[in-house]
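Below: one structure, written as structure tokens.
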Amino acid sequence: MRPDPAHLKTIEQRLLWLSHWMVHHANHIRPKADGIKVGGHQASSASMVSIMTALYFSALRPEDRVAVKPHAAPVFHALQYLMGNQTREKMENFRGFGGVQSYPSRTKDTCDVDFSTGSVGLGVAITSFASLIQDYITAKSWGADAPMGRMVALVGDAELDEGNIYEALQEGWKNDLRNCWWIIDYNRQSLDGIVREGLFERIEKIFDAFGWDVVRVKYGVLQRAAFAEPGGDKLRGWIDACPNQEYSALTFMGGAVWRQRLLDDLGDQGDVTALIERRSDSELAALMENLGGNCVETMAETFDAIDHDRPVCFLAYTVKGWGTPIAGHKDNHGGLMNSTQFAQWQAHMGVPEGQEWDPLATVQDPEGLRKFLSQVPFFAEGTRRYADTRLAVPEIDAPTGREISTQMAFGKILDDLSKGSSDLADRIVTTSPDVTGTTSLGPWVNRRKLFSRTAQADAFIEHRIPSTAKWEFTPEGQHIELGIAEMNLMLLLGAAGLSHSLFGKRLIPIGTVYDPFVSRGLDALNYACYQDARFILAGTPSGVTLAPEGGAHQSIGTPLIGMSQDGLAAFEPAFADELAVIMQWAFDYVQRDGEGDPDERTWLRDETGGSVYLRLTTSPLEQPGKRADDAFRQGTIDGAYWLRPPGPNCEVVIAYQGAVASEAIKAAGMIAEDRRDIGVLAVTSADRLNSGWTAAQRARSRGNAAAQSHAETLMSALPPHCKLITVIDGHPATLSWLGSVAGHQTIPMGVEHFGQTGTIGDLYRHHGIDAAAIVEKVNGLTAGKRAARGAFAAMARS
């Protein structure tokens, strides 16, 4: 049953006021410590207020999920405040420390945010992937009871400039997208200007081509009533023909100018002239500004008319700044009402001084509105965040073999899981952007199959054509194959990594991508982490170790991305047993959601959990003997362990991470013939080592003198004169900080320039990260005996 339009109109006006007052208070009333404009996007909020009123208070149900466009955050906060879900204290501190956030945030706002937004376009696209994940879950026997809702995005028209929108549209079409609404606030204004004429006719065609229903919401109830009057067809024709810039300018100038312009353009035509003259200036302005998206009754009717699950794009025509003195002005995106304008607008809105924060100020029937609000379906069940129990992690055995790469070991570990019957294996969902086979997911996919809502046979199997890829699509499948767009991979991982909260069913998402193209999906990766989505990302192959592929496929900076990305624990193991330990830990880590103090052994906040990034390689390395001691296992998780413990008079330590392990070990053997007590430090996670170190320093600065990180424990045994040689197939800054832990001179080695084709040996020599280069650094830059020339020369030739 559709709500009373009078209640919706009252709520719309309350949200318009509360959202704008909050922004005004932050910019013009609250004291500013630094004098800088706070901002807040009043005009962008005004153009969305009718849409959001109709959506939240008429159309939505508790199982629906919404991504609110960033610049409509004030309206979102206002509606939560009206419903009693947000405090006045936080509203008063809008964009301040601890206050409601500039843009809706799952992790920073305390109210019910479904999807964080802020980086435009990403909040839009994730709704399509959330819908895909919803279908994935409900297709499984363990997820059939999950609620089915609509995934809704409130979209700024300028967001349609973002390329990831169109990548997501294509992926949605391939996966038979349903239960997804994108509601476009077509106010035709962006930060720097007016949207080009005719652009959205082309955009509509794109949506249509990808199987979406496109619903134009152009005229409000006042305009439709006027069109039915004599002469109304001429008025409608004028509105349809008016350029965007003209319409915006006339809106800003108001009723008298509207009248003059309409009479000048339409002339004395009797019926249309009478239509215009029957209205006062204020009534005429209200008529001309009554576009569909600014009419709460029209929006409620439009939403209510959708009775299917096909994806729908609503093109809602709006006026930016609607209902305020800055409506239509081309500078209103970043502009705000000044104090004089706001005082006049407050009088116009009828809000008495001193009642600005009263949620029901100006409401004629407070009790009637309270009763209505108490029955709004979307809010009826309270908080809409779900949870799911943690899954037990089975023992992960290290793959055997004299030589094996970490990528191959990764594939074997997943294949072993696929053969079992654990709950964890049943909840794993893998995905990859067109590199499933070349990132070693093939065996997993062959056993666990690919997901599709409808079964699709593999023609190669049907025709008995030999192939290693036995690709069968089925609703029970556990791999989602993506096209080559890396942004889609990260967005899908983000949506799947929130499944326990959005749908009450936990998934363990695992994505693979060529490591250099982590950078290509970086914005979406950051977005997923910002939302606290939980997943495992394997970047493989990596570095110049991917020698024959050349510089375009050889990653350099990804270890630094792993270190700097909040919410992502980055590892780069060298050996299969390290990877097995890390993956067993990771399967548990991505499920954690605890609170409390840091672990005083490492000073890492492991109890809170997070996502995991594995930087792997295709280069097979000779494996060490079986290692099962606690020091090895714990050191692997904490970030480093002594592969070769240093002696009491250690002069040189070689610290390596990843694929260059064999070069470091070879160099250490050569140097040890002439240097005493040399140590080799196996770094598995520069990220966790560094995070623990900086956290321990913070603890000491706050009075805990005993705080010591794992990195400090490792370095404490080294004499002051010891030199550190750090080496990685990646940027040398990844490990160069290690010497700062205890004041040891450090000689960092790594890759700083684009690679090229060649053998691994060629490229290691070219970039100076082979064993000979390590020995050369030790000979040339440290005091002590030099490695024997004959042996050194033989090494350089090998």
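So for the sequence shown, my numbering puts the first residue at 3; every next one is plus one.
Where is the CB? At the ideal position from N, CA and C, for every residue including glycine.
Since the structure is predicted, the reported quantities are computational estimates derived from the model, not experimental observations.
Extent of the continuous alpha helix (DSSP H) run through residue i
| i | result |
| --- | --- |
| Ser420 | Thr408 to Lys421 |
| Gly165 | Gly165 to Lys176 |
| Ser664 | Ala663 to Ile673 |
| Gly506 | Careful: Gly506 lies outside any alpha helix (DSSP H) and carries neither H nor E. |
| Ala61 | Careful: Ala61 lies outside any alpha helix (DSSP H) and carries neither H nor E. |
| Ala540 | Run containing Ala540: none in the alpha helix (DSSP H); it sits in the beta strand (DSSP E), Ile538 to Gly541. |
| Thr736 | Ala735 to Ser738 |
| Val274 | Asp273 to Glu279 |
| Ile205 | Leu201 to Ala211 |
| Val743 | Gly741 to Ala744 |
| Thr304 | Val298 to Asp306 |
| Ile563 | Thr560 to Ser566 |
| Tyr388 | No alpha helix (DSSP H) contains Tyr388, which DSSP labels as neither H nor E. |
Three-state secondary structure assigned by DSSP to residue i
| i | result |
| --- | --- |
| Ile355 | First, the amino acid is wrong: residue 355 is Glu here, not Ile. DSSP places Glu355 in coil when its eight states are reduced to three. |
| Pro72 | helix |
| Phe99 | coil |
| Lys220 | coil |
| Ser192 | The predicted position of Ser192 is uncertain, since its pLDDT is 49 and thus under 50; a value taken from the coordinates is nonetheless stated next. Ser192: coil per DSSP, three-state reduction. |
| Ser376 | helix |
| Val515 | strand |
| Leu84 | helix |
| Leu317 | strand |
| Ile13 | helix |
| Asp367 | coil |
| Arg791 | Summary for Arg791: the model assigns pLDDT 48, below 50, so the residue's position carries little reliability; its value from the coordinates is reported in the next sentence. Reduced to three states, the DSSP call for Arg791 is helix. |
| Val25 | helix |
| Leu18 | helix |
| Ala132 | helix |
| Trp644 | strand |
| Lys725 | strand |
| Tyr658 | strand |
| Val825 | Only positions 3 to 800 of the chain appear in the structure, and residue 825 is not among them; the question remains open. |
| Asp525 | helix |
| Ile330 | One detail in the question is off: residue 330 reads as Gly in this sequence, not Ile. Looking at Gly330 - three-state DSSP - the assignment turns out to be coil, as it is neither helix nor strand. |
| Arg799 | Residue placement at Arg799 cannot be trusted, given a pLDDT of 48 that sits under 50; what the coordinates show is reported in the next sentence. Arg799: helix per DSSP, three-state reduction. |
| Pro149 | coil |
| Ala382 | coil |
| Thr784 | coil |
| Gly545 | coil |
| Thr109 | coil |
| Leu426 | helix |
| Pro750 | strand |
Residue span of the beta strand (DSSP E) that contains residue i, given as start and end
| i | result |
| --- | --- |
| Tyr804 | Shown here, the chain extends from 3 to 800; a query on residue 804 therefore has no answer. |
| His481 | His481 to Leu484 |
| Leu570 | Leu570 to Phe573 |
| Met153 | Met153 to Gly158 |
| Ala549 | Counting along the chain, Ala549 falls outside any beta strand (DSSP E), and DSSP gives it neither H nor E. |
| Ala713 | Note, Ala713: premise wrong, no beta strand (DSSP E); alpha helix (DSSP H) at His712 to Met717. |
| Ile38 | Looking at the DSSP string, Ile38 is not in any beta strand (DSSP E), and its letter there is neither H nor E. |
| Val431 | Ile430 to Pro435 |
| Leu683 | Gly681 to Val685 |
C-beta atoms of residue i and residue j nearer than 8 Å
| i | j | result |
| --- | --- | --- |
| Leu811 | Phe305 | Outside the modelled stretch of the chain, which goes from 3 to 800, sits residue 811, for which no answer is possible. |
| Phe254 | Gly330 | yes |
| Asp679 | Cys652 | yes |
| Pro518 | Gln567 | no |
| Asp534 | Gly569 | yes |
| Ala663 | His502 | no |
| Val583 | Gly541 | no |
| Leu484 | Thr433 | yes |
| Val365 | Thr55 | no |
| Ala288 | Gly506 | no |
| Thr736 | Gly760 | no |
| Gly158 | Arg97 | no |
Which parts of the segment 582-633 are runs of the alpha helix (DSSP H), unbroken and 4 residues or longer, counting only runs that do not cross its ends? For the segment 582-633, not a single whole alpha helix (DSSP H) run of length 4 or above is found.
Determine contact between the segment 145-154 and the segment 63-76, defined as no fewer than three beta-carbon pairs at a distance below 8 Å. At 8 Å Cβ cutoff, the stretches touch.
Using 8 Å as the Cβ pair cut-off and three pairs as the minimum, do the segment 488-501 and the segment 419-428 touch? Touching, no, given that fewer than three Cβ pairs across the two stretches are closer than 8 Å.
For a minimum of 4 consecutive residues, which ranges assigned as the alpha helix (DSSP H) are wholly contained in the segment 232-271? Annotation: the segment 232-271 contains the following complete segments of the alpha helix (DSSP H) (minimum length 4 residues), in chain order: 234-243, 246-255 and 257-268.
Whole runs of the alpha helix (DSSP H) within the segment 441-481, excluding any shorter than 4 residues: Correct list: 444-450 and 461-464.
Check whether the segment 720-732 and the segment 655-672 touch, using three or more Cβ-Cβ pairs below 8 Å as the test. Put simply, the segment 720-732 touches the segment 655-672. At least three CB pairs are less than 8 Å apart.
Between the segment 181-188 and the segment 313-326, can you find at least three pairs of beta-carbon atoms closer than 8 Å? Output reads yes: the segment 181-188 touches the segment 313-326.
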